[in-house]
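Line order of the protein sequences matches chains A and B. Mapping of the first sequence onto my numbering: residues 17 to 317, in sequence order. Mapping of the second sequence onto my numbering: residues 4 to 298, in sequence order.
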Amino acid sequence: MTKQAMGRSPTKDRSAQLVEYFQLQHVRERITKAIIYILLILGSILVMLPFLWMISTSLKKPGTEFTIPVQWIPNPPRWQNYPEGWSVLPFNLWLLNTVAITVVATLGSLISSALIGFGFARIDFPGRTVLFMLVLATMMLPYPSIIVPLFVLYKNLGWLDTFKPLTIPAFFGVNAFYIFLLRQFFKTIPVDLDDAARVDGCTTFGVFRYIAVPLIKPALGIIFVFSFMQNWNDFLGPLIYLSSTEKFTLALGLRFFQSQYRVEWTLLMAVSLIVLSPCIVLFFIAQKYYIQGIVITGIKG
Amino acid sequence: MLGKSPIYWKRALEGYMFISPWIIGFAIFTAGPLIGSFTISLTEWNIVGTPRFIGLKNYEAMLQDKLFWQSLKVTTLYLFNVPLNLTLGLLLAILLNQKVRGLGIFRTIFYLPSVTAGVATSLLWMWIFNPRFGMINILLKEVGITGPAWLGSETWALPALIIMSMWGVGGGMLIYLGALQGIPTALYEAATLDGAGVWRKFLHITIPMITPVLLLNLIMGIISSFQVFTQAYIMTQGGPNYATLFFVLYLYQQAFRWFNMGYASALAWVLFLIILICTYLVLHTSSRWVYYENE
Numbered sequence: 017m018t019k020q021a022m023g024r025s026p027t028k029d030r031s032a033q034l035v036e037y038f039q040l041q042h043v044r045e046r047i048t049k050a051i052i053y054i055l056l057i058l059g060s061i062l063v064m065l066p067f068l069w070m071i072s073t074s075l076k077k078p079g080t081e082f083t084i085p086v087q088w089i090p091n092p093p094r095w096q097n098y099p100e101g102w103s104v105l106p107f108n109l110w111l112l113n114t115v116a117i118t119v120v121a122t123l124g125s126l127i128s129s130a131l132i133g134f135g136f137a138r139i140d141f142p143g144r145t146v147l148f149m150l151v152l153a154t155m156m157l158p159y160p161s162i163i164v165p166l167f168v169l170y171k172n173l174g175w176l177d178t179f180k181p182l183t184i185p186a187f188f189g190v191n192a193f194y195i196f197l198l199r200q201f202f203k204t205i206p207v208d209l210d211d212a213a214r215v216d217g218c219t220t221f222g223v224f225r226y227i228a229v230p231l232i233k234p235a236l237g238i239i240f241v242f243s244f245m246q247n248w249n250d251f252l253g254p255l256i257y258l259s260s261t262e263k264f265t266l267a268l269g270l271r272f273f274q275s276q277y278r279v280e281w282t283l284l285m286a287v288s289l290i291v292l293s294p295c296i297v298l299f300f301i302a303q304k305y306y307i308q309g310i311v312i313t314g315i316k317g
Numbered sequence: 004m005l006g007k008s009p010i011y012w013k014r015a016l017e018g019y020m021f022i023s024p025w026i027i028g029f030a031i032f033t034a035g036p037l038i039g040s041f042t043i044s045l046t047e048w049n050i051v052g053t054p055r056f057i058g059l060k061n062y063e064a065m066l067q068d069k070l071f072w073q074s075l076k077v078t079t080l081y082l083f084n085v086p087l088n089l090t091l092g093l094l095l096a097i098l099l100n101q102k103v104r105g106l107g108i109f110r111t112i113f114y115l116p117s118v119t120a121g122v123a124t125s126l127l128w129m130w131i132f133n134p135r136f137g138m139i140n141i142l143l144k145e146v147g148i149t150g151p152a153w154l155g156s157e158t159w160a161l162p163a164l165i166i167m168s169m170w171g172v173g174g175g176m177l178i179y180l181g182a183l184q185g186i187p188t189a190l191y192e193a194a195t196l197d198g199a200g201v202w203r204k205f206l207h208i209t210i211p212m213i214t215p216v217l218l219l220n221l222i223m224g225i226i227s228s229f230q231v232f233t234q235a236y237i238m239t240q241g242g243p244n245y246a247t248l249f250f251v252l253y254l255y256q257q258a259f260r261w262f263n264m265g266y267a268s269a270l271a272w273v274l275f276l277i278i279l280i281c282t283y284l285v286l287h288t289s290s291r292w293v294y295y296e297n298e
């Protein structure tokens, strides 16, 4: 439209019209922008409110969370809720357990999915396509539909009430999404690099270890954050496989805490905040990887 | 294939070695249990004794089991969260894609609830839904509305969990945003030259171009809705009066509270089949509405 208008030789009248048109357009754009910002800010407030509510409650004197009108900013803030809540139950031990499980399982996922992803991406072997379809198919398999036989399996192996069911499967590439992700990344490396290295006497494992893996470090970063969050927040697995309190993870510990201190919302919120803070911190540090990972799911999925 | 060189076969062997962890893992932790699940579902077994073969009796019993139907109903009703979250997520992504300043900050805020999902946030929402002292009813009171008992109400417990699920809308939003940013601007420019307005460009360019991720979000939404467990276990234990008895919660109770391993396995297979059929139906109809650039 504008192009057509510009093409004509503008009379004085015409140019005045044009100026007006552009001004109007400008105003319109500004109004649209303003509405967009208002909506986004409103949305952000809605999303942040539960967190603010959580922080507010966690700083109240136990008992005062049940007073009306609500004091949104507790005066004075009671910081002792945090150490107090944390020490009523062996949360330190549960933290150690959670860290141990998360670290080992994440390590397992990184190693196994790198090896498997490399195999599918860079080496040609009979049945590769079919097997890879199977990998993708397992992404659809709901975990709850196999918990009974898994429980029986781990019982027979003597793994119940140990960390093994929560860590060892990770070394065998049970998370198909990670394999898929790394395969996509390995595929982007030029084959010439492999060939050059092989001419120099590099073995396939050497190509994997010294050429391919260093080139897909960002993808490993994605898997690190995904796996960390998943293991840290996992509830169903620990609930089924762990039974003695000294083996609990933080998620189970919180549940235990809830059953013991049902109405102590101030302490519950304080401890819950501590439990989810590593996820928030990691998200802020590694946001780049995380967002990239999610977006790739969309593009390549 | 047999005519291939020895080097090919040496490589192929190496390939199998690289993927061998997956082959072992698939057999032991996925395929085996899936078959095992079906075998157990044909038995009556309380895990300590020996399983007794009863054929398809568990599946027959399911038809008479009121709680089975209830859990199916609850889970199906909960599916309402899927279109809600799809629409809201898309809307947010479109807003964020308008070259706004502070994109990174908004993106972080909207995505934050998704990284904290678990027991801690379930406890938080229990407190938010507290009928007298929770945040929602206090805010409602400010505008003169007396809020319901939420998790304590048979009518409102499930809607409460759907509201809570909408807090995680940022997950889908990020995927849309990635797709929106991948649409070539040339398409919009060409349409503008042809005189298309904002609305037409949205309908005829934006929507078709993001149908693949719409499909992905739809399938992921359905699959995860069928697997809701933690929220229900922590917040309501399936109550009040089974109003939030989600399918997986019922499965868990059958298996690990009442130790009906056979019956729980039958439920597990039904869950597996339901998800399989749903995914198939969605994929089957998708060829009619999903647009792939490369085809």
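Glycine is no exception: its CB is placed at the ideal position from the N, C-alpha and C atoms.
{"Item": "Go ahead and pull the three-state DSSP assignment for MET17(A).", "Value": "Any reading at MET17(A) must be qualified, since the residue scores a pLDDT of 42, below 50, and its modelled position is unreliable; no value is offered."}
{"Item": "Does any CB atom of chain A fall closer than 8 Å to the CB of VAL285(B)?", "Value": "no"}
{"Item": "CB-CB under 8 Å to LYS77(A), same chain, minus the five flanking residues each way: which ones, in chain order?", "Value": "PRO90, ARG94 and THR282"}
{"Item": "Which of helix, strand or coil does DSSP assign to GLU3(B)?", "Value": "Residue 3(B) lies beyond the stretch modelled for chain B, which goes from 4 to 298, so this question has no answer here."}
{"Item": "Measuring alpha carbon to alpha carbon, tell me which residue in GLY35(B), SER268(B) and THR247(B) is nearest VAL77(B).", "Value": "THR247(B)"}
{"Item": "Please confirm whether LEU274(B) has its beta-carbon closer than 8 Å to some beta-carbon of chain A.", "Value": "yes"}
{"Item": "Fully enclosed by the stretch 167-249 of chain B, which alpha helix (DSSP H) runs are 4 residues long or longer?", "Value": "173-184, 188-196, 201-204 and 210-229"}
{"Item": "Verify the CB distance criterion: does ILE234(A) have a CB-CB separation below 8 Å to chain B?", "Value": "What sits at residue 234(A) in the sequence shown is Pro, not Ile. No, because no Cβ of chain B sits closer than 8 Å to the Cβ of PRO234(A)."}
{"Item": "Can you pull the chain B neighbours of LEU169(A), defined as C-beta to C-beta under 9 Å?", "Value": "ILE31, PHE32, GLY35, PRO36 and GLY39"}
{"Item": "Which residues bound the alpha helix (DSSP H) around THR149(B)?", "Value": "Unbroken run through THR149(B): none, as it is neither H nor E."}
{"Item": "So is THR220(A) in contact with chain B if we call contact Cβ pairs under 8 Å?", "Value": "yes"}
{"Item": "When Cβ atoms are compared, which residues of the stretch 255-271 of chain B fall closer than 7 Å to chain A?", "Value": "ALA258, PHE259, MET264, ALA267, SER268 and ALA271"}
{"Item": "Indicate whether the contact test is met: 3 or more Cβ pairs, each with one atom in the stretch 188-195 of chain B and one in the stretch 101-115 of chain B, closer than 8 Å.", "Value": "no"}
{"Item": "Span of the alpha helix (DSSP H) holding TRP126(B)?", "Value": "First, the residue type needs correcting, since residue 126(B) is Leu and not Trp in the sequence shown. Taken as a continuous stretch (DSSP letters only), the alpha helix (DSSP H) holding LEU126(B) covers 122-131."}
{"Item": "For MET22(A) and ALA32(A), what's the separation of their Cα atoms in angstroms?", "Value": "Residue confidence for MET22(A) is low, a pLDDT of 48 falling below 50, so the modelled location carries little weight; the figure read from the coordinates is stated next. Each residue's Cα considered, the two are about 13 Å apart."}
{"Item": "Based on the DSSP output, what are the partners of PHE56(B) in its beta bridges?", "Value": "THR46(B)"}
{"Item": "The alpha helix (DSSP H) spanning ASP140(A) covers which residue range?", "Value": "Careful: ASP140(A) lies outside any alpha helix (DSSP H) and carries neither H nor E."}
{"Item": "Give the range of the alpha helix (DSSP H) segment to which ASN247(A) is assigned.", "Value": "233-249"}
{"Item": "Compare the C-beta of THR111(B) with all C-beta atoms of chain A and state if any pair is closer than 8 Å.", "Value": "yes"}
{"Item": "What residues in its chain sit with their C-beta under 6 Å from that of VAL172(B), if we drop five residues either side in the sequence?", "Value": "ASN88, LEU91 and GLY92"}
{"Item": "Helix, strand or coil: how does DSSP classify THR119(B) here?", "Value": "coil"}
{"Item": "Could you name the residues of chain A that ILE278(B) contacts, counting a contact when the two beta carbons are closer than 9 Å?", "Value": "MET156, LEU157, PRO158 and SER161"}
{"Item": "Between VAL231(B), PRO36(B), LYS144(B) and GLU145(B), which lies nearest to LEU164(B) when the distance is taken from Cα to Cα?", "Value": "VAL231(B)"}
{"Item": "Which value, in whole angstroms, describes the spacing of the CA atoms of TRP48(B) and ILE310(A)?", "Value": "42 Å"}
{"Item": "So with Cβ pairs under 8 Å, would you call GLY147(B) a contact of chain A?", "Value": "no"}
{"Item": "Please say whether VAL216(B) and ILE166(B) have beta carbons closer to each other than 8 Å?", "Value": "no"}
{"Item": "Looking at VAL164(A) and ILE226(B), is the spacing between their C-beta atoms short of 8 Å?", "Value": "no"}
{"Item": "So, helix, strand or coil for ASN100(B), using DSSP?", "Value": "coil"}
{"Item": "Rounded to the nearest angstrom, how far is the Cβ of VAL223(A) from that of ALA213(A), given a contact under 8 Å?", "Value": "5 Å"}
{"Item": "Have a look at TRP25(B) and LEU45(B) and give me their C-alpha separation to the nearest angstrom.", "Value": "29 Å"}
{"Item": "State yes or no: is the beta carbon of ARG291(B) nearer than 8 Å to at least one beta carbon in chain A?", "Value": "no"}
{"Item": "Using a Cβ-Cβ cut-off of less than 8 Å, give me the residues of the stretch 110-129 of chain B that come near chain A, in sequence order.", "Value": "ARG110, THR111, ILE112, PHE113, TYR114, LEU115, PRO116, VAL118, THR119, ALA120, GLY121, VAL122, ALA123, THR124, LEU126, LEU127 and TRP128"}
{"Item": "Check the Cβ of PHE187(A) against every Cβ in chain B and list those closer than 7 Å, keeping chain order.", "Value": "PRO24"}
{"Item": "Kindly provide the ranges of any alpha helix (DSSP H) runs that are 4 or more residues long and lie completely inside the stretch 92-120 of chain A, ordered along the chain.", "Value": "97-104"}
{"Item": "Check the Cβ-Cβ distances between SER128(A) and every residue of chain B, and say whether any is below 8 Å.", "Value": "yes"}
{"Item": "Measure from the alpha carbon of ILE71(A) to the alpha carbon of each residue in LEU289(A), PRO294(A) and ALA302(A), then state which is nearest.", "Value": "LEU289(A)"}
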